[in-house]
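Just so we're aligned, residue 0 is where the sequence shown starts under numbering that gives the first Met the number 0, counting upward by one. Input: a single structure, listed below in structure tokens.
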Amino acid sequence: MKFAVIGDLHFPKVDSSVEGLEEAKRDFYRSFLDHFLGSEADLHISLGDLTHYGPTDELEEVYQIINSKDRNFYHVLGNHDLYAQSIENVLKITGQPLYHTIAKGNAIFAFLNTAKEMDYEDWGGSINQEQLAWLEEVVEASGTKPLFVFAHHPVYNTTSRSDIDKLSIDSNIDMWRVLEKKKGQAVYFNGHNHQNSIVHQGNWTFVQVAACLDEQAWRAVELTDNHIIISHHKVTNPLMSNHAAFISEHMNYFHPTPEASGTEKDIQCVLPIHTVSEITS
């Protein structure tokens, strides 16, 4: 099976008084989402900050594009998705659960909520005890099956910049008490930090995906009988890049990340899927 993952899309409401900005926004986001949702995959997943501020019109407009493609689309919430209105309202518009799991093929997919509701001062991540207990059950129940976890914020001190204040799940939350219970291969995908990064720790591989305005790309993941293959798909289109730079220039609270691409080791990897006998021996 295959799935595709994007980082922070930041679909915005723009200043219509800036000449050409509405057109650039329309062309960029429709073109990028056409490429992403046009990629062959069983699931298409957003790692949060799908919108830039989270008002109803941003959410409805981007979902209108997404829903026109007839794809299995999953969206975990980011801090930007929750600035304008409550979690309850946002979930009504998106039609997505706050956190949940699905089983697909021989793998388990867990979608977390790490974003805070309408908190303008602290854009770092959090996860309450109820959800953490739920995640612990998911990790243990997954056994030796491949487990894929999707969240907006990284686990503290894993991927690039995740040791910086407000750029991870709160370091006081003991995520490793839960994660270390995983048997077999597991991958944790996150956005938030706008920089590609891949880090291996124990049974876990942490994959951070750059923001779409900085890099017009996504991660494609293929699950075979023996491997998890994580690759990097980039759209090379000068007009899209120009539109992205123009939009970024006129967005409040968005700053381009020069090091967004990371290094070569931060964009792709191949992970072996160990058998039960290999894990227990």
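Ideal Cβ placement from N, Cα and C applies to all residues, glycine included. Since we're looking at a predicted model, the values are computed, not measured.
#1: In this structure, does DSSP put Ser159 in helix, strand or coil?
#2: May I ask which residues mark the beginning and end of the alpha helix (DSSP H) holding Arg29?
#3: Between Asn78 and His9, which are expected to be in contact by the criterion C-beta below 8 Å, what is the C-beta distance as a whole number of angstroms?
#4: Anyone know if the C-beta pair for Thr143 and Lys182 falls short of 9 Å?
#5: Taking 9 Å as the threshold (C-beta atoms), are Tyr82 and Phe108 in contact?
#6: Relative to the C-alpha of Lys263, which residue among Asn156, Ser230 and His273 is closest?
#7: Using DSSP bridges, identify the partner residues of Ser230.
#8: Tell me the DSSP bridge mates of Leu270?
#9: Is Trp203 helix, strand or coil when you go by DSSP?
#10: Is DSSP giving Ala243 helix, strand or coil here?
#11: Would DSSP call Thr113 helix, strand or coil?
#12: Would you tell me roughly how many angstroms separate the C-alpha atoms of Gly124 and Asp169, rounded to the nearest one?
#13: In its own chain, which residues sit with a C-beta less than 8 Å from the C-beta of Val269, not counting the 5 before and 5 after it?
#14: Pull up the distance between the alpha-carbon of Phe253 and that of Ser247, whole angstroms please.
#15: Does DSSP put Ala102 in a helix, a strand or coil?
#16: Which of helix, strand or coil does DSSP assign to Ile197?
#17: Val186 by DSSP, collapsed to three states: which one?
#18: Using the three-state DSSP reduction, which class does Lys264 fall into: helix, strand or coil?
#19: Contact defined as beta carbons within less than 8 Å: I believe Gln194 pairs with Thr256. What is the distance between those atoms, to the nearest angstrom?
#20: Spell out a yes or no on whether the region 0-17 and the region 34-42 are touching, meaning 3 or more CB-CB pairs, one atom from each, closer than 8 Å.
#21: Excluding the 5 residues flanking Tyr28 on each side, which residues of the same chain have their C-beta closer than 8 Å to its C-beta?
#22: Do Val75 and Tyr98 have their beta-carbon atoms positioned less than 9 Å apart in this structure?
#23: Using DSSP with H/G/I as helix, E/B as strand and the rest coil, what is Thr50?
#24: Keeping to the same chain, check which residues put their C-beta closer than 7 Å to that of Val17; ignore five residues upstream and five downstream.
#25: Under the three-state reduction of DSSP, which class applies to Tyr252: helix, strand or coil?
#26: Quick check on this structure: which residue in Thr158, Thr55, Glu258 and Asn71 has the alpha carbon closest to the alpha carbon of Ile86?
#27: Could you check what DSSP says for Val137 in three-state terms: helix, strand or coil?
#28: Give the single residue among Leu131, Gly201 and Trp122 whose Cα lies nearest to the Cα of Ser167.
#29: Helix, strand or coil for Leu90, going by three-state DSSP, please let me know.
#30: For Asp222 versus Ile172, is the C-beta spacing smaller than 9 Å?
Concretely, from the data shown:
#1: In the structure shown, Ser159 adopts coil according to DSSP, grouped into three states.
#2: Looking at the DSSP string, the run of the alpha helix (DSSP H) that includes Arg29 is Leu20 to Gly37.
#3: About 11 Å; that fails the 8 Å criterion.
#4: Result yes, Cβ atoms of Thr143 and Lys182 sit closer than 9 Å.
#5: It is not a contact, given that the beta carbons lie outside the stated cut-off.
#6: Looking at the sequence provided, one finds Glu at residue 263 rather than Lys. The candidate whose alpha carbon is nearest that of Glu263 is Ser230.
#7: Ala219.
#8: DSSP lists Ile227 as partners of Leu270.
#9: In the structure shown, Trp203 sits in a strand (DSSP, three-state: E or B).
#10: For Ala243, the three-state secondary structure derived from DSSP is helix.
#11: DSSP places Thr113 in coil when its eight states are reduced to three.
#12: Going by the C-alpha atoms only, they are around 6 Å apart.
#13: Spatial neighbours of Val269 in its own chain (CB-CB distance under 8 Å, excluding positions within 5 residues in sequence) are listed in chain order as His226, Ile227, Ile228 and Ile229.
#14: Rounded to whole angstroms, the gap between the alpha carbons of Phe253 and Ser247 is 7 Å.
#15: Residue state, collapsed to three classes: strand.
#16: Strand.
#17: Taken through DSSP and simplified to helix, strand or coil, Val186 comes out as strand.
#18: Of the three classes helix, strand and coil, the one that applies to Lys264 here is helix, per DSSP.
#19: For Gln194 against Thr256, the beta-carbon gap comes to about 6 Å, under 8 Å, which counts as contact.
#20: Touching, yes.
#21: Within the same chain, Cβ atoms closer than 8 Å to the Cβ of Tyr28 are found at Leu8, Phe10, Val61 and Ile64, the five residues on either side in sequence being excluded.
#22: A contact, by the Cβ cut-off of 9 Å.
#23: Looking at Thr50 - three-state DSSP - the assignment turns out to be strand.
#24: Cβ within range, chain order: His249.
#25: Note: Tyr252 maps to coil in three-state DSSP.
#26: Among Thr158, Thr55, Glu258 and Asn71, the Cα nearest to that of Ile86 is on Thr55.
#27: If DSSP states are grouped into helix, strand and coil, Val137 belongs with the helices.
#28: Of Leu131, Gly201 and Trp122, the residue nearest in Cα terms is Trp122.
#29: Residue state, collapsed to three classes: helix.
#30: In the sequence under discussion, the amino acid at residue 222 is Leu, which differs from the Asp named in the question. No, they are not a contact pair.
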